[in-house]
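The structure appears right after this line, and notes come after that.
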Amino acid sequence: MLDIKYIRSNVDKVKQAVTMKNDHADIDQLLSLDSKKREVLTEVEELKHKRNLVSEQIAEFKKAKQDATEIIAEMRQVSDTIKRMDDEVRELDQAIHEIMIRIPNIPHDSVPIGRDESYNIEIRRWGDIEKKHFKPELHFDIGEKLDIIDLKGGSKIAGSSFISYKGLGARLQRALISFMLELHVEKHGYTEVYPPFLVNRDSMFGTGQLPKMEEDMYHIPGDDLFCIPTAEVPVTNLLSNTVLSGEQLPVYYTAYTPCFRREAGAYGKDTRGLIRIHQFDKVEMVKFVHPASSYDELESLLANAEEVLQLLNLPYRVLSLCTGDLSFAAAKCYDIEVWADGLGKYLEVSSCSNFEDFQARRANIRFKENPHSKPEYVHTLNGSGLALPRTVIAIMENYQTDEGTIIVPDVLRKFMGVDVIK
RNA sequence: GGAGAGGUGCCGGAGUGGUUGAACGGGGCGGCCUGCUAAGUCGUUGUAGGUUACGGCCUACCGAGGGUUCGAAUCCCUCCCUCUCCGCCA
1 MLDIKYIRSN VDKVKQAVTM KNDHADIDQL LSLDSKKREV LTEVEELKHK RNLVSEQIAE
61 FKKAKQDATE IIAEMRQVSD TIKRMDDEVR ELDQAIHEIM IRIPNIPHDS VPIGRDESYN
121 IEIRRWGDIE KKHFKPELHF DIGEKLDIID LKGGSKIAGS SFISYKGLGA RLQRALISFM
181 LELHVEKHGY TEVYPPFLVN RDSMFGTGQL PKMEEDMYHI PGDDLFCIPT AEVPVTNLLS
241 NTVLSGEQLP VYYTAYTPCF RREAGAYGKD TRGLIRIHQF DKVEMVKFVH PASSYDELES
301 LLANAEEVLQ LLNLPYRVLS LCTGDLSFAA AKCYDIEVWA DGLGKYLEVS SCSNFEDFQA
361 RRANIRFKEN PHSKPEYVHT LNGSGLALPR TVIAIMENYQ TDEGTIIVPD VLRKFMGVDV
421 IK
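Taking this note's numbering, the leading residue of the first sequence gets 1, the next gets one more, and so forth.
Structure below.
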């Protein structure tokens, strides 16, 4: 959410930002509701002031055993007016809120301008794409042959785009999770968190998934809970409605969770194998930082995610997303895409975003520089480190041998207990 | 799921209709004292919004939301959460 005061004094910038994000929001309507509300509010507060004064007077009258029926009758009228105006303020607030919660975050000045993904800018590439002397099989083909992925099993028990891992495929999940968590905890200084996988509406609102993305979420109506689409939701909201002290910042959390996405409207796109599935595993990094350092923190977050791929020795590239490709809550975002040798293309395995104070305002996460300073909103960031299925695709396709086996990357061997999947 | 207790400021904890934004204690911060530390002592100490001649002024907030009343932390209703006991259960 943006600051209404900021919107009041930066109308053109906000309007422009909304357009650049291919979004829409009636800013003019918002401003007119806002000024109307302030008008009514000032008036009703004056009446309340009067009521407070007269109520004291009534108390004194009663104490002195004097008759107060006349002013009480008068105050009854005032109270009715107040009630009516309070309702009006509430309705205006509600209308303002409905617009506010749908205004996207404003892109940072360094974000490339463009309407869609074709305007994203490649920042760098890492690793050499090895020229194999054979044509590597697609991950779902070799996966079924090696009996480490069971696509049919997944769809039988849950539906299409649900998959099951088996044998060393299942163990590979565990190995990757352990490897990534260990790296982020031991080397990068994050605190491991294991949150609930179901969250309430407030949490989904706090990180910005609601109200706009409700259709993409799995919802449990009986309890009004949502399956988390990413660990970002529970982990960021862990500090909702909190005021941190200045020296507590920055806070770094990392968490493994499964992620559940309905992928509404995404059918027909990347539907094969592990590319786009309804439930997948991910290790996520979440940061709560001082506003002054959030862009430096974004770079180090990105570096932490990149290191996972470097240690796995998987080639990748980093993109800076353009305004039109940026998500609702993000001010700036880098995508990391890993090379998949069988598919012959790059696949997104991580998004590292700075939300500035957008989520912090929604979830009410603040800090005090020192005991006497006013609370300020923190900046929140998060990045995948990494999403597993596409990392698995890259391992299966890049580490494939001409004998139809898969070499286990060095760093995973201690977790896998084997050197080769065959 | 059943029975009970409870949710008040940074913390503990008073307060059951009228100067209570909130006693008292602790903590924090500032000053004094002190060779240093401890102790002592005085003062101070919430958030949000509106308005402003920028010195203030006003409004709201005692889990959340409604209601009663001239007036609610205090009374009524609904919901949420925590704790204890019982039941059930990986």
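All C-beta atoms in this analysis are idealised placements derived from N, C-alpha and C, irrespective of residue type, glycine included. Note that this is a predicted model, so its numbers are computed, not measured.
Let me make sure I understand the geometry here. Which of GLU186, ALA340, ARG366 has the alpha-carbon closest to that of ARG317? ALA340
Does DSSP put SER353 in a helix, a strand or coil? strand
Looking at the secondary structure, which residues open and close the beta strand (DSSP E) in which HIS49 lies? Careful: HIS49 lies outside any beta strand (DSSP E), inside the alpha helix (DSSP H) at 27-63.
For PRO291, the residue or residues it bridges with in DSSP: DSSP output for PRO291 lists no bridge partner at all.
Taking a contact to mean a Cβ-Cβ separation below 8 angstroms, would you say PRO250 touches GLN279 in this structure? no
Go to VAL408, then tell me how far its alpha helix (DSSP H) extends in each direction, as first and last residue. Segment: none, VAL408 is in no alpha helix (DSSP H) and carries neither H nor E.
If we ignore side chains and look at the alpha-carbon of each, how far apart do SER35 and VAL54 end up? 29 angstroms
Within the segment 223-302, note down every full alpha helix (DSSP H) run reaching 4 residues or more, in order along the chain. 232-237
Suppose contacts are defined by Cβ-Cβ distances below 8 angstroms. Is CYS322 in contact with ILE113 by that definition? yes
Beta-carbon separation of ILE106 and GLN400 under 8 angstroms? no
For THR191 and GLU284, what's the separation of their Cα atoms in angstroms? 11 angstroms
Could you check if VAL233 is buried or exposed, using at least 16 other CB atoms within 10 Å of its CB as the buried criterion? buried
Quick test of your reading: VAL193 and TYR253, contact by CB under 8 angstroms. State the CB separation rounded to the nearest angstrom. 5 angstroms
Reduced DSSP category for TYR119 - H, G, I as helix; E, B as strand; rest coil: helix
Meets three-Cβ-pair contact criterion under 8 angstroms: the segment 344-355 and the segment 149-169: no
Considering just the uninterrupted stretch of the beta strand (DSSP E) at ASN398, what are its terminal residues? Per DSSP, ASN398 belongs to no beta strand (DSSP E); it is in the alpha helix (DSSP H), 388-398.
Cβ pair count under 8 angstroms reaching 3, the segment 167-186 against the segment 373-392: yes
In the structure shown, what three-state DSSP assignment does GLY167 receive? coil
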